[in-house]
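First to last, the sequence lines map onto chains A and B.
The opening position of the first sequence corresponds to residue 1 in my numbering, with each subsequent residue numbered one higher.
The opening position of the second sequence corresponds to residue 179 in my numbering, with each subsequent residue numbered one higher.
Structure record follows, encoded as structure tokens.
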Amino acid sequence: MTTATAIPAGTYTTDGVHSSAGFAVKHMLSTFRGSFGTVNAQVIVEEDGRARLEGTVPVSSVIVKDENLQAHLQSPEFFDGEQYPEIRFHGLDLTVDGPTATLTGDLTIKGHTERVTAEGTVAGPVEDPFGNTKLGLQFETVVDRTKFGLNWNAPLPKGGFMLANDVTISVDLELAQA
Amino acid sequence: MRVLGISGSLRRDSYNSGLLRAAAELLPSGVELEVFDGLKAIPPYDADDDVDVAPAPVRELREAIADADAVLIATPEYNASVPGVLKNALDWASRPHATNPLRGKPAAVVGTSTGMFGAVWAQADARKVLSTIGARVVDRELPVPEAAERFDADGTLRDPEVEAQLSELLVELADAVEAREAALARAAA
Numbered sequence: 001m002t003t004a005t006a007i008p009a010g011t012y013t014t015d016g017v018h019s020s021a022g023f024a025v026k027h028m029l030s031t032f033r034g035s036f037g038t039v040n041a042q043v044i045v046e047e048d049g050r051a052r053l054e055g056t057v058p059v060s061s062v063i064v065k066d067e068n069l070q071a072h073l074q075s076p077e078f079f080d081g082e083q084y085p086e087i088r089f090h091g092l093d094l095t096v097d098g099p100t101a102t103l104t105g106d107l108t109i110k111g112h113t114e115r116v117t118a119e120g121t122v123a124g125p126v127e128d129p130f131g132n133t134k135l136g137l138q139f140e141t142v143v144d145r146t147k148f149g150l151n152w153n154a155p156l157p158k159g160g161f162m163l164a165n166d167v168t169i170s171v172d173l174e175l176a177q178a
Numbered sequence: 179m180r181v182l183g184i185s186g187s188l189r190r191d192s193y194n195s196g197l198l199r200a201a202a203e204l205l206p207s208g209v210e211l212e213v214f215d216g217l218k219a220i221p222p223y224d225a226d227d228d229v230d231v232a233p234a235p236v237r238e239l240r241e242a243i244a245d246a247d248a249v250l251i252a253t254p255e256y257n258a259s260v261p262g263v264l265k266n267a268l269d270w271a272s273r274p275h276a277t278n279p280l281r282g283k284p285a286a287v288v289g290t291s292t293g294m295f296g297a298v299w300a301q302a303d304a305r306k307v308l309s310t311i312g313a314r315v316v317d318r319e320l321p322v323p324e325a326a327e328r329f330d331a332d333g334t335l336r337d338p339e340v341e342a343q344l345s346e347l348l349v350e351l352a353d354a355v356e357a358r359e360a361a362l363a364r365a366a367a
């Protein structure tokens with residue numbers, strides 16, 4: 001990896017309250033958005049500057065505006081939370097270049113693993129009022145949900161389908177150095 | 179392991195009820211099948227009646243599903259889909275949607291008809307409905323056509339090929355129950 005602006009070596013762990021993960025997908029004419037209430041991530045920066053991000057998100061923490069849809073998303077038709085309770089990201093590389101960051105790793109959803117690359121930004125590290133060293137990271141990427149076995153759809157009466165396959169995943173993380 | 183059988187036909191000499199009796203004879207070891215016989219008593223779904231204390235026949239259905247590890251539906255085909263009584267029962271069972279007793283429950287669908295297609299479209303519709311309700315639906319069909327040729331005068335299935343297919347489907351259903359129990363145990367650990 002390259003680090004034009006290096007993150008100091010160490011392990012950084014998410015502050016759950018100030019971190020979030022969301023998804024957005026075209027639903028007929030609009031963009032449907034949902035989120036996950038719990039995001040666990042660690043950024044590990046080695047002494048030689050190599051960095052990676054590891055993360056998990058419990059499927060049970062999905063949040064949408066309707067409780068019935070929320071339950072439907074847990075069912076075998078969607079995330080199948082019973083069999084696959086976690087979404088996992090195994091990081092291979094985190095490259096920082098000034099304020100921009102590029103993340104590469106293996107994303108596992110519903111037992112399917114795909115290599116993904118996400119572009120984003122990095123902020124900090126800065127000291128918070130309590131003496132903690134904080135780091136901010138923001139990433140966004142687009143994945144094809146059908147590659148992860150998320151195949152649900154419904155045909156529209158006059159052709160086409162209700163739900164798009166491309167899903168935008170966005171992650172905002174505030175991390176504290178351990 | 180307990181499987182709840184539901185026949186979508188109310189007819190006394192129903193071939194689909196016969197298919198469930200055949201399934202009861204072909205279960206993997208350690209599995210028992212109980213047939214739900216209260217379908218006719220379930221009232222038409224009315225949201226005004228879908229209150230905290232549901233009508234007694236509905237409570238019996240919901241409790242029977244909740245007590246079972248899996249559900250096996252045998253459906254005839256009426257006008258290219260499932261009979262109204264079966265759909266009505268599933269609609270009641272699906273409420274409230276977020277916590278209904280079919281959620282996550284392994285379920286399989288079989289069906290027989292006197293025609294050439296063995297209720298194949300009704301089975302597809304039943305699988306779709308069960309998936310929407312949140313069940314873990316075995317992705318397999320068992321269309322048994324020309325029922326009058328395959329069941330004897332006592333309503334007993336007499337077709338080794340169908341029996342073999344039914345056995346395989348029941349193993350798949352039992353496997354789904356075991357996979358679910360393992361997942362729930364992992365989550366609880």
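We put the CB at the ideal spot given by N, CA and C, even for glycine.
If contacts are defined as beta-carbon pairs under 8 Å, then residue i and residue j qualify, I think. What distance do you get, rounded to the angstrom?
{"i": "B/R314", "j": "B/P284", "result": "5 Å"}
Go through its chain and collect everything with a Cβ distance to residue i's Cβ below 6 Å, but skip five positions before and after it.
{"i": "A/V171", "result": "A21, F139"}
{"i": "A/Q177", "result": "G10, Y12, T133"}
{"i": "A/F36", "result": "A21, V57, S61, V62"}
{"i": "B/A202", "result": "L211"}
{"i": "A/K147", "result": "E114"}
{"i": "A/T108", "result": "R88"}
{"i": "B/L217", "result": "V263, A267"}
{"i": "B/A259", "result": "Note that residue 259 of chain B is Ser in the sequence shown here, rather than Ala. For B/S259, where only same-chain residues beyond five positions count, the Cβ hits under 6 Å are A300, D303."}
Taking 8 Å as the limit between beta carbons, can you name the residues of its chain near residue i, skipping five residues before and five after?
{"i": "A/A4", "result": "In this predicted model, A/A4 has a pLDDT of only 46, less than 50, meaning its place in the structure is not dependable enough to derive any value."}
Flag this pair as yes or no: are the beta carbons of residue i and residue j separated by less than 8 Å?
{"i": "A/K134", "j": "A/E174", "result": "yes"}
{"i": "B/L182", "j": "B/A246", "result": "yes"}
{"i": "B/A271", "j": "B/R240", "result": "yes"}
{"i": "B/P235", "j": "B/N266", "result": "no"}
{"i": "B/L344", "j": "B/L320", "result": "yes"}
{"i": "B/L280", "j": "B/I311", "result": "yes"}
{"i": "A/L53", "j": "A/G91", "result": "yes"}
{"i": "B/G196", "j": "B/G293", "result": "no"}
{"i": "B/L205", "j": "B/E341", "result": "no"}
{"i": "A/T121", "j": "A/V142", "result": "no"}
Once DSSP output is grouped into helix, strand and coil, what is the label at residue i?
{"i": "A/A4", "result": "Any answer about A/A4 is weak, because its pLDDT of 46 lies below 50 and its placement is not dependable; what the coordinates show is given next. A/A4 falls in the coil class under three-state DSSP."}
{"i": "B/R328", "result": "helix"}
{"i": "A/K26", "result": "strand"}
{"i": "A/G16", "result": "helix"}
{"i": "A/F79", "result": "coil"}
{"i": "B/L211", "result": "strand"}
{"i": "B/A234", "result": "helix"}
{"i": "A/G55", "result": "strand"}
{"i": "A/K134", "result": "strand"}
{"i": "B/R190", "result": "coil"}
{"i": "A/T146", "result": "helix"}
{"i": "B/P321", "result": "strand"}
{"i": "A/L173", "result": "strand"}
In chain order, what residues of the same chain lie with their CB nearer than 7 Å to the CB of residue i, ignoring the 5 residues before and after it?
{"i": "B/E356", "result": "none"}
{"i": "A/H18", "result": "E174"}
{"i": "B/R189", "result": "none"}
Could you name each continuous beta strand (DSSP E) segment of 3 residues or more that falls completely within the region 237-311 of chain B, going from the start of the chain to the end?
248-252, 284-290
Counting only runs of 4+ residues fully inside the region 66-113 of chain A, write out the alpha helix (DSSP H) ranges in chain order.
67-74
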